Amino acid sequence: MSKRESEGEGLALPENPKKKIRSASSATSASGTSKIPVLPTSSTQKAEQAAPQYAFGARILPPKETKIAREGRAKEIKKDATVLRRAQPSSKDEPKDSTINEKHAALLKQSNEFMEKAENFKLKAEIELLSAKLTQLEDRDKKQAARNKMLSGVNKTYQEQIKDLSEQVKGLTEQYEAAKAKDAQDKKEKAKAAEHKDEPLDERYARITQAIKTATDDAAYLRTLLSDMDRPEDN
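Put into structure tokens, the structure is as follows:
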């Protein structure tokens, strides 16, 4: 006899017809007189009962389980218990509050360090950019100073040339005036001279006039050039 059969026999009602039977009068009102016995239905039985039981001691034993069925049911129960145990986290696996706080503090410290490094890199890049701009401005100032120095030397040279040309123009003007006066005097004195004698004087007069014109043009060009150089340049 199996263990389940022995349990079923232990839970079975004794075969004693004198046992008190549930009657309709106990379930109905006091005015009822019915004495019909009420058999328990499937809705009144509990799920934990091993086998169905009936009144008057009647009982039905469950069928015998085979060894394969028992082993299969035991495996299913063991499998369900294993799945349930894996689904529930173990107390050893659960991190403690102190450990979580330490990890959080470490991550926060690392984040602050990264932010500080990023800020330092940003400041370093800005300093390098400003240094490059400052170097560029210094180079531009040096080039401008050298150019101004060169232009001052050129300006001085041009001023000296203008002075020399002015003196030449002045001398040529005096020569022209003297030649003109002398020419007028010669014309008065030599009114009766031949026309071929006046040709050398005319050539000299034309040469002096051309030289004065050339010197005047050169002086005007140099003055224009100086005014252009003195004008401030647009950077």
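Going from the sequence shown to the numbering used here is simple: count from 1 and add 152.
Quick reminder that beta carbons are idealized off the backbone N, C-alpha and C, glycines included.
Remember, predicted model here, so these are calculated numbers, not experimental data.
DSSP-derived helix/strand/coil call for residue i
i	result
Arg356	helix
Lys342	coil
Arg413	In the structure as shown, the chain begins at 153 and stops at 387. Residue 413 is therefore absent and cannot be evaluated.
Leu374	helix
Asp369	helix
Sub-8 angstroms separation of residue i and residue j beta-carbons
i	j	result
Val321	Thr287	no
Gln327	Ile360	yes
Leu317	Ala371	yes
Leu374	Gln313	yes
Cβ neighbour criterion (16 or more within 10 Å) applied to residue i
i	result
Leu324	buried
Gln197	Per-residue confidence for Gln197 stands at a pLDDT of 49, beneath the threshold of 50, marking its modelled position as unreliable; the derived number appears in the next sentence. Classification for Gln197: exposed.
Closer than 7 angstroms: residue i CB and nearest the ligand SAH heavy atom
i	result
Arg225	Judged by which ligands are present, the structure shown has none, so any question about the ligand SAH falls away.
Review point. Is it a yes or a no for the region 324-334 touching the region 287-307, going by three-plus beta-carbon pairs under 8 angstroms?
Key: no
Check your understanding: Can you find at least 3 beta carbon pairs, one from the region 374-381 and one from the region 352-360, that sit closer than 8 angstroms?
Key -> no
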